[in-house]
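Colleague: First the structure, then my questions, so here it is.
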Amino acid sequence: MTEPATTAFAKRKVPLLFLTVLVIATAGLVYELIAGTLASYVLGDSVFQFSTIIGVYLSAMGLGAYLSRFIVEKVVIRFVEIELAAALIGGFSAPFLFYVFAYADAFRVLLYGTVVVIGALVGIELPLLMRILEKELDFKELVAKVLTFDYLGALLGSLLFAIVLMPTLGLVRTSLLFGMLNGAVALMTTWVLGDLIYRPIRWRLRAKGVLLLVALAVAFVGSDKLTRFAERELYDDRVIFAEQSRYQRVVLTHGALGVQLFLNGNLQFASHDEYRYHEALVHPAFALAPHARRALVLGGGDGLAVREILRYPDVETVTLVDLDPAMTDMARRVSVMRELNEESLDDPRVTVINDDAMVWLDENGDSVEAYDVVIIDFPDPNNFSLGKLYTSRFYGLLQRVMHPGTAVIVQATSPLYARRSFWCVERTMAAAGLHTAAFHTLVPSFGEWGYVLAMTRPFDPPREVPDVEGLRFLNDEAMQAMFVFGRDMQRPDDVETNRLDTQALVQYYDQEWSRLER
Amino acid sequence: MRRRDVLAALLGAPLALACDDEETPPSVEGELLGQSHEVGHLLRDEDLRAAFARGDVETRDLNVAIVGAGPAGLSAAWQLARRGIEGVELFELEPHPGGTSASGRSEVTAYPWGAHYLPVPGDGQPELRALLGEMDALDDAGEPREHLLVRAPDERVFYRGYWYRGLYPTASMTAHDAAQRERFERIVARWVRFRDGQGRRAFTIPSRLCSDDAEVLALDRISAAEWCRRQGFTSPRLLWWLEYGTRDDHGLTLEDASAWSLLFYHCARVEDPEEESADFLTWPAGNGALVRHLARGRRVHTGHLAARIAPDGTLDVIEAATRRPLRIRARRVICATPRFVASRLVEGAPPSDDGHWGAWMVANLHLADRPGERGFPPAWDNVLYDSPSLGYVTATHQRGRDFGPTVWTYYFPLVDSDPTEARRRLLDHGWSAWTDAIVADLSRAHPDLRRQLRRVDVWRWGHAMAQPRVGVRRSEARRRAALPVGKVHFAHSDLSGLALFEEAFDHGLRAADEVADALSEEAT
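Keeping their order, the protein sequence lines are chains W and D.
Each number in our numbering corresponds to the 1-based position in the first sequence with 672 added.
Each number in our numbering corresponds to the 1-based position in the second sequence with 2 added.
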């Protein structure tokens, strides 16, 4: 190599190589923090985990530095290969360790093993790079710059990890992202130092690098299933209220189609068509109990069913029992909700009780005066805690607060998408001794939606809509049409009842809805 | 800004959360409970002994005196009342009736201190069904009430970092594991179908009705572990699951339990091999609900130490609080105490040195809220694979309270081969040692348990249950111990060598029937 060529090399390429040092150092530190955080997550005792991980990592870097002396030939090729290996192992470290923790025995062994390997690879990289650069720079300058970038990279890594990466990407995607960065740098090196690599090998290295980047990118995109979504990714619209209560995550969004409420990510209503849902949920019951004075709402903490109930001037008291104070507080405080529910929960006729509806019925069912109308608006039965609110035991307890004139309506998921689940609710109510009439309507946000109307005595489905102000959906024809089921929504023959000791409904629901989600 | 907030800013929230562990968690209070040993010295009190010897004590006549108000004694009293026998009183050492079916109550819920469920009895147990009918646990059609059947999900197991549905861990199960499990089920099905020459089943409840055919009794000659070896069972999770059963029901390892008791556990509650085993009835207070019903309306003298029972029906008792001696002259006495107590108490009773009694620690953990966890949602019975404990039962599960404060009942059998050693280990550890052990065990599944834990009460049962070791089923001494001595009759689950409510109930009824028959004979 001649003198001018070296200068040109230094001018064009040395800064890029320092960038490499920065990325390597940042990525290395991030891998170490990932291992420490992950170990603290799953094993607890963060002081122990972090001190041992940091110790092992640093000593492994020392080991790597020592091992670098055994690399005497093809230094540039080895350097790129080691970078690719670090990208592979570091990049997949978080998903790998999560997987190991879940399915394999030797979590600690593999955890520290991974840390040692990553540490050693990073430890080899710097001495190799210094040897590559030693011909280009003065030793004094070389050491100063390499170490500066190395330590700067460490600072950058720790700050990025804490402030940006963990809060937005989470462990798995941070790990994959740095794998990609690491891989990209390796790829870049094949150009920067390309002259020093025999051509066919150069292309082979590039192919490996691209393959690795693709694999990491695919994992990154697919990692949504592994990591929890950041809310702005899950919801299309602007989040105007979000609270993690003891029971669930309550999120309210506002967008082109209006206000939407999500519980644990499941849509509960959308303001542009909730009137269809809530009119169907409430008014058929009042058609059967026209002069109802006392109404009970179980669930329905959004206050929208109560809004419909308060349209009846005869109603004197409404008791609403909803588990989650976060929900009823939101319905009372957030202005878009107050607008939507017409401040129903602040009406003097309304009493709000925050309790589990089943426990409340069990403890108060014998002491309260019976209700004339009961509206049951629980979230769909997607877990055992909710499933119990759809059991024969529950409908048995419910009858303690009913009299022969009481009309009940239960929201019962979709008879079209979850046909078996819907009819399981209906069969369970019948098994508990209620007389039932199933009905359904279209709520565009949800699709075809189903309800069960019930009384303790036989009855005919209502044919006329009560004479109240403000209805936007129901008229007599719509009321009658709701009780007609097409072939694709009719009751299957072999539906089990949902009992506390079997919880068949949760399994039906899980099977039917997961089939649609896949 | 607190230190944790600084950390949160520098290192990211998850890290700071993890550091929470290092913050001082809320202080945990609690107490150490156990049977009343301290009153034993009254038996050696010279003044009291002299007073009894002189006959210089208050003396009362009674129709039937029952010593011990656990499930057996209370069942006997219940049956005597059904048979119209009056003048029945019970004498119980502890401050509350119930024995190992004792229960407690907090502001949140009632909770058990021992036995906590009852398999739904079949038609072969009409009296037990009658008792449940009285308690409104069965409906008019004789079906168990839905809210008393264990609410789904009934059980889950913590295995390699996750909770899974059911008790047998199926995650990463090999074909080998599955094949062995299937083979075990086939053996169970065969034993369920078994009938001896007299049409008796091999294993049924009450155990009195089990076959004594040589083929069945051969299972009492070898340990459960030996039986597994002979069957070629090597699957670690099958052996764990089988041992979980023997630890749970009998407080024994496979090495110490008899093969008979292992198969009893798996076969006795299955009526038909095609069907599931009997469903479980449970109450927040566990079997405390049963004994509370049985004790209702009975005359139970708690805090009374029995000093001596003579074959003529004389019973000497001491009211522990006042040291007042009292002599009961009963027409009949039912001694419903464990065998090792009965053998010392009743003059002329056979010795009990053939028996072994296991030591248990039961703790109730009072939690401010549900701790974090991963995997299948909370069940009634929550078992940790590879734990020396049996896991915990959630007292609020049955009522449907799935959020907020709760009480967990944690069961820990001390399964040392030598029961004396187990008892020493039980009693050597005080409240804080046991609490630390419990927290360490459960924190594997619930890393932030400590943060929710407010109170731990630890009950040390020195002699929790008679153990069905090899030979117990065939034991002549055990059989003889149930025979009356003069006017003294015996009732206790020990007499079956199986610590089950049904066995205590069965012996209680048998003793009561013996007494009622004898009294009506005397009358005629």
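Where a beta carbon is used, it is the ideal one built from N, C-alpha and C, also for glycine.
1. Quick check on HIS149(D) - is its C-beta less than 8 Å from some C-beta in chain W?
2. Would you report the Cα separation of SER847(W) and LEU241(D), rounded to the nearest angstrom?
3. Is the beta carbon of TYR412(D) closer than 8 Å to that of ILE2(D)?
4. Cutting at 6 Å between CB atoms, please list the residues of its own chain near TYR534(D), excluding the five before and the five after it.
5. Would you decide whether PHE779(W) is buried or exposed? Buried here means 16 or more other CB atoms lie within 10 Å of its CB.
6. Applying the 10 Å Cβ sphere with the 16-neighbour rule, what's the burial state of TRP80(D)?
7. Among the candidates TRP243(D), ARG310(D) and VAL190(D), whose CA atom is the shortest distance from the CA of ALA332(D)?
8. Can you tell me the Cα-Cα spacing of TRP229(D) and TRP359(D), whole angstroms?
9. Per DSSP, PRO327(D) forms a beta bridge with which residues?
10. Excluding five sequence neighbours on each side, which residues of the same chain lie with their C-beta closer than 6 Å to the C-beta of HIS448(D)?
11. If you follow the beta strand (DSSP E) that PRO1076(W) is in, where does it begin and where does it stop?
12. Report, in whole angstroms, the separation of the C-beta atoms of LEU960(W) and PRO1134(W), which I expect to be a contact under 8 Å.
13. By a C-beta neighbour count over all protein chains shown, 10 Å radius and 16 as the cutoff for buried, is GLY1122(W) buried or exposed?
14. Just confirm the distance between the C-beta atoms of PHE941(W) and LEU976(W), as a whole number of angstroms; I'd bet it's less than 8 Å.
15. State the DSSP-derived secondary structure class of THR471(D), mapped to helix, strand or coil.
16. Using a threshold of 7 Å, is the CB atom of LEU832(W) nearer than that to any non-hydrogen atom of the ligand FAD?
17. Does chain W have any CB closer than 8 Å to the CB of PHE405(D)?
18. Name the residue from LEU828(W), GLY762(W) and PHE751(W) whose alpha carbon lies nearest to the alpha carbon of THR861(W).
19. Go to ILE224(D), then tell me how far its alpha helix (DSSP H) extends in each direction, as first and last residue.
20. Here's a check: name, in chain order, each residue in its chain whose Cβ is nearer than 6 Å to the Cβ of PHE235(D), leaving out the five neighbours to either side.
21. Please check if any C-beta of chain D sits within less than 8 Å of the C-beta of PHE1056(W).
22. Report the partner residues of GLN916(W) according to the DSSP bridge assignment.
23. On the DSSP letters alone, give me the boundaries of the beta strand (DSSP E) that TRP359(D) sits inside.
24. Could you name the residues of chain D that SER1064(W) contacts, counting a contact when the two beta carbons are closer than 8 Å?
25. Going by the DSSP bridge assignment, what does LEU260(D) pair with across the sheet?
26. Output the boundary residues of the alpha helix (DSSP H) element that contains GLY1(D).
27. DSSP three-state label for GLN200(D), please.
28. Could you give the first and the last residue of the continuous beta strand (DSSP E) run that contains THR1023(W)?
29. Label ARG1167(W) either buried or exposed according to how many other C-beta atoms from any shown protein chain fall within 10 Å of its C-beta, with 16 as the threshold for buried.
30. Looking at ALA53(D) and GLY253(D), is the spacing between their C-beta atoms short of 8 Å?
31. With H, G and I counted as helix, E and B as strand and the rest as coil, what does DSSP make of GLU903(W)?
32. Inspect the beta-carbon positions of ALA707(W) and ILE696(W) and report whether they are closer than 8 Å.
33. With a 10 Å radius around its C-beta and 16 neighbouring C-beta atoms as the bar for buried, classify LEU767(W) as buried or exposed.
34. Anyone know if the C-beta pair for ARG334(D) and ASP318(D) falls short of 8 Å?
35. Should GLY402(D) be flagged as near chain W, meaning a C-beta pair shorter than 8 Å?
36. Can you give the beta carbon distance from LEU970(W) to VAL993(W), rounded, assuming they're within the 8 Å contact cut?
Modeller: Taking the geometry as given:
1. Reading the second sequence from its first residue, position 147 is the one you call residue 149(D). True, the Cβ-Cβ gap to chain W drops below 8 Å.
2. Position 175 of the first sequence holds residue 847(W). Position 239 of the second sequence holds residue 241(D). The alpha-carbon atoms of SER847(W) and LEU241(D) are separated by roughly 40 Å.
3. Shown here, chain D extends from 3 to 526; a query on residue 2(D) therefore has no answer.
4. A question about residue 534(D) goes unanswered here, because the residues of chain D that appear run from 3 up to 526.
5. Residue numbering aside, residue 779(W) sits at position 107 when the first sequence is read from its first letter. Classification of PHE779(W): buried, given that the 10 Å Cβ count is 16 or more.
6. Position 78 of the second sequence, counted from the start, is the residue given in the question as residue 80(D). The residue is buried, with at least 16 neighbouring Cβ atoms inside 10 Å.
7. The residue you call residue 332(D) lines up with position 330 of the second sequence. Restricting attention to TRP243(D), ARG310(D) and VAL190(D), the CA atom closest to the CA of ALA332(D) is found in ARG310(D).
8. Walking along the second sequence from the start, residue 229(D) turns up at place 227. Walking along the second sequence from the start, residue 359(D) turns up at place 357. Computed Cα separation, rounded: 23 Å.
9. Along the second sequence, read from residue 1 onward, the residue named residue 327(D) stands at position 325. DSSP output for PRO327(D) lists ILE320(D) as bridge partner(s).
10. The count along the second sequence starts at 1 and reaches residue 448(D) at position 446. Around HIS448(D): PRO373 and GLU375.
11. In the first sequence, counting from the first residue as 1, residue 1076(W) sits at position 404. Unbroken beta strand (DSSP E) run through PRO1076(W): 1074–1083.
12. To locate residue 960(W), count along the first sequence from 1; it is residue 288. To locate residue 1134(W), count along the first sequence from 1; it is residue 462. Yes, LEU960(W) and PRO1134(W) are in contact; Cβ-Cβ is about 6 Å, under 8 Å.
13. Translated into positions along the first sequence, residue 1122(W) becomes position 450. It counts as buried.
14. The residue given as residue 941(W) occupies position 269 in the first sequence. The residue given as residue 976(W) occupies position 304 in the first sequence. Indeed, because the Cβ distance is near 7 Å, the residues count as touching under 8 Å.
15. Counting from 1 along the second sequence, the entry for residue 471(D) is found at position 469. The question names Thr, but residue 471(D) in the sequence shown is Arg. Of the three classes helix, strand and coil, the one that applies to ARG471(D) here is strand, per DSSP.
16. With respect to the ligand FAD, the structure shown offers nothing to examine, as it has no ligands at all.
17. In the second sequence, counting from the first residue as 1, residue 405(D) sits at position 403. Judged by the 8 Å Cβ criterion, PHE405(D) is in contact with chain W.
18. Residue 861(W) sits at position 189 when you count from the first residue of the first sequence. Among LEU828(W), GLY762(W) and PHE751(W), the Cα nearest to that of THR861(W) belongs to PHE751(W).
19. Mapped onto the second sequence, residue 224(D) falls at position 222. It is not in any alpha helix (DSSP H) - ILE224(D) carries neither H nor E in the DSSP assignment.
20. Taking the second sequence and counting its residues from 1, one reaches residue 235(D) at position 233. Counting only Cβ-Cβ distances below 6 Å, and skipping sequence neighbours, we find GLN182.
21. Taking the first sequence and counting its residues from 1, one reaches residue 1056(W) at position 384. So yes, PHE1056(W) belongs to the interface.
22. Walking along the first sequence from the start, residue 916(W) turns up at place 244. Partner(s): ARG921(W).
23. For the purposes of this step, residue 359(D) is identified with residue 357 of the second sequence, where counting begins at 1. Its beta strand (DSSP E) spans residues 359–369.
24. To locate residue 1064(W), count along the first sequence from 1; it is residue 392. The contacting residues are GLU148.
25. As a working mapping, residue 260(D) is identified with position 258 in the second sequence. Before going on, a small fix: residue 260(D) reads as Ser here, not Leu. Paired residues: SER225(D).
26. There is no way to answer for residue 1(D), as the model of chain D reaches only from 3 to 526.
27. Residue 200(D) sits at position 198 when you count from the first residue of the second sequence. GLN200(D): coil per DSSP, three-state reduction.
28. Counted from its first residue, the first sequence places residue 1023(W) at position 351. Here the beta strand (DSSP E) through THR1023(W) covers 1022–1025.
29. Position 495 of the first sequence, counted from the start, is the residue given in the question as residue 1167(W). In the sequence as displayed, the identity of residue 1167(W) is Val instead of Arg. With 16 or more Cβ atoms within 10 Å of its Cβ, VAL1167(W) is classed as buried.
30. Residue numbering aside, residue 253(D) sits at position 251 when the second sequence is read from its first letter. Residue numbering aside, residue 53(D) sits at position 51 when the second sequence is read from its first letter. Taking 8 Å as the Cβ cut-off, GLY253(D) and ALA53(D) do not qualify as a contacting pair.
31. Within the first sequence, numbered from 1, the residue matching residue 903(W) stands at position 231. With a pLDDT of 36 at GLU903(W), under the threshold of 50, the modelled position of that residue is not reliable, and the figure given next carries that caveat. Reduced to three states, the DSSP call for GLU903(W) is helix.
32. The residue you call residue 707(W) lines up with position 35 of the first sequence. The residue you call residue 696(W) lines up with position 24 of the first sequence. No, Cβ-Cβ distance for ALA707(W) and ILE696(W) is not below 8 Å.
33. One-based indexing of the first sequence puts residue 767(W) at position 95. With the sequence shown as reference, residue 767(W) is identified as Pro, and Leu is not the correct amino acid for it. Classification for PRO767(W): buried.
34. If you number the second sequence from 1, residue 334(D) lands on position 332. If you number the second sequence from 1, residue 318(D) lands on position 316. Not a contact, by the Cβ cut-off of 8 Å.
35. Looking up residue 402(D) in the second sequence gives position 400. The C-beta of GLY402(D) comes closer than 8 Å to at least one C-beta of chain W.
36. Translated into positions along the first sequence, residue 970(W) becomes position 298. Translated into positions along the first sequence, residue 993(W) becomes position 321. 5 Å between Cβ atoms; contact.
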